[in-house]
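>
2 protein chains.
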Amino acid sequence: METWKEFEANELTHSAAHHLLAIYEVGLEYGGWARVSDIARELSITRGSVSINLRALRKRGWVDTDEYHMVKLSPKGQKVVQTVMAKKAVVKAFLSNVLNVPKPQAEIDSCKVEHLISQPTGEQLVYFMRFLVSDDPLAKQVLVRFKSF
Amino acid sequence: METWKEFEANELTHSAAHHLLAIYEVGLEYGGWARVSDIARELSITRGSVSINLRALRKRGWVDTDEYHMVKLSPKGQKVVQTVMAKKAVVKAFLSNVLNVPKPQAEIDSCKVEHLISQPTGEQLVYFMRFLVSDDPLAKQVLVRFKSF
DNA sequence: GACACTTGTTTGGTACGTCAAACATAAGGC
DNA sequence: GCCTTATGTTTGACGTACCAAACAAGTGTC
C-alpha cells in the first residue's frame with residue numbers, strides 16, 4: 463500500500479491534458495493557433511484560469527506563445543496530445559464496443575482515465591482491440607457470445 | 463467537449479478513497495478501529511494531514527470517531543470501500559490476466575483509476591471477466607490466442 | 001512527581017486549479 | 001477622435017491536499 467501516491471506523482475494532470483486537447487481542437491480551424499479566450503470557451507472556464515495555466519504549460523515546454531498571445535502546441539505538446547487521444551480512443555472503444563457500456567458513459571469514463579493510463583497498459587489494450595477486430599474468427603465469436611452472456 | 467469537468471465533480475477523490483481503504487486495512491487487525499497515526503503510517507503521510515482529512519470524511523458520513531479519537535468506517539463508508547476494492551480488483555485482474563500487463567504496472571494503473579470507474583463500467587467489466595473464466599471453451603481459447611497474437 | 005515519548009490537533013506554508021473582479025490593451029463602429 | 005467591446009493578465013479569494021513545526025494531552029518509566 464505505497465503505490466497510491468503515484469496518482470499525485472503523475473506528470474500530466476487532468477487539467478493540463480484537457481488544456482492541451484483544447485488547444486489542439488481550436489487549432490484545427492486556425493492552422494494550429496489558438497487564442498486564450500477560445501481555449502477558455504472550449505473548456506468552459508474563465509480566461510483568467512487559462513492565462514495562468516498556460517504559464518505552467520509553457521514552462522513544461524508543451525506550448526509556445528507568440529508576441530500576439532497566440533498559442534500553439536510545441537512538438538512535445540503535440541506528442542502528449544497524440545498519446546492522450548489515442549489512449550482515450552482505445553479505452554472508449556473497449557468500453558463501448560466490447561463491454562457494451564452505453565456510449566455517454568463510455569465517454570465519461572474514458573475521459574476520466576485517459577491521462578492516467580500507463581504506456582504499457584495503453585499498448586496492450588491497443589493490441590487486444592486489434593486482435594478483436596482481426597480476421598481471427600474466434601475474436602468475432604467472442605464478442606457475440608459475450609453479448610448474450 | 464464538456465465532459466471533462468466530471469473529473470473534478472467526482473464525489474470520491476483519490477485521497478478520500480485511500481483514506482477509507484487505509485482505515486479498513488488498519489481496522490482488520492483491531493476490530494474495525496483505527497488510530498490517526500496508524501492511518502498516517504499506512505498512507506505515508508503526516509498525522510496532521512490525516513487529522514484534517516478525517517474532518518471531511520466525518521462530514522461526508524463515511525467515518526465515525528469515538529471520544530478517544532478512535533476511527534471506524536460507517537456503514538456508508540464500508541460500502542464505499544467495498545465498491546472501490548471491487549473495481550480495483552477487477553481492473554487489476556483484467557490488466558494482468560487478460561492484457562498481460564506486468565503485475566506492478568497493473569497495480570499502479572488499477573490504483574489510479576479505481577475511484578474513477580463508473581458503476582455500469584465496473585459491472586460490465588465484472589461480467590466480461592466472469593465470461594472469460596467461465597466454462598465456455600471459447601473464452602479460454604481467446605486468452606491463449608491473444609497471448610500469441 | 002518529574003521527564004520523556006506517543007498521539008492528535010492546530011497553524012502557517014506550498015502547490016494546483018478554479019472563480020470574480022479589476023485592469024490594460026487593442027480593435028471596431030461611428 | 002471617442003466610445004464600446006473583446007481580449008489577455010493580474011489580483012484576491014476559495015477548496016483540496018500535502019508538509020513541517022508547535023502545541024496539548026495522555027502514557028509510561030523511573
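Sequence lines, in order, name chains A and B. Letter by letter, the first sequence follows residues 463 to 611 in my numbering. Letter by letter, the second sequence follows residues 463 to 611 in my numbering. Ideal Cβ placement from N, Cα and C applies to all residues, glycine included. Fair warning: this is a prediction, and the values are worked out from it, not measured in the lab.
(1) Pick out the complete alpha helix (DSSP H) segments inside the region 559–586 of chain B, 4 residues or longer, and give them in chain order.
(2) For chain B, is any of its Cβ atoms less than 9 angstroms away from the one on A:S499?
(3) Does DSSP put A:L535 in a helix, in a strand, or in coil?
(4) For B:C482, decide whether its Cβ has a neighbour in chain A, counting only Cβ atoms nearer than 9 angstroms.
(5) Our contact map puts B:V575 next to A:L578 with C-beta atoms below 8 angstroms; I'd like the distance itself, whole angstroms only.
(6) Please give the ranges of any beta strand (DSSP E) in the region 501–545 of chain A, keeping only runs that are unbroken, at least 3 residues long and fully inside the region.
(7) Report yes if the C-beta distance between A:W466 and B:L505 is below 9 angstroms; otherwise report no.
(8) Taking B:F590 and A:L561 to be in contact with their CB atoms under 8 angstroms, please state how far apart those CB atoms are, rounded to whole angstroms.
(9) Is A:P564 close to chain B, meaning its C-beta is less than 9 angstroms from at least one C-beta of that chain?
(10) Do the CB positions of B:V553 and B:D571 come within less than 9 angstroms of each other?
(11) Across which residues does DSSP place A:A496 in a beta bridge pair?
(12) Would you call the CB atoms of A:G523 and A:K538 closer than 9 angstroms?
(13) When burial is assigned at 16 or more other CB atoms within 10 Å of the CB, is B:V595 buried or exposed?
(14) According to DSSP, simplified to helix, strand and coil, what is A:E473?
(15) Taking the C-alpha atoms as reference points, what is the distance between A:M532 and B:T508?
Inspection of the coordinates gives the following:
(1) Under the rule that a run must span 4 or more residues, the alpha helix (DSSP H) segments found entirely inside the region 559–586 of chain B read 565–575.
(2) no
(3) strand
(4) The question names Cys, yet the displayed sequence has Leu at residue 482 of chain B. No, B:L482 lies away from the interface with chain A (no Cβ there is under 9 angstroms from its Cβ).
(5) B:V575 to A:L578, Cβ: 6 angstroms. Contact.
(6) 525–527, 533–535
(7) yes
(8) 6 angstroms
(9) yes
(10) yes
(11) A:V533
(12) yes
(13) exposed
(14) coil
(15) 43 angstroms
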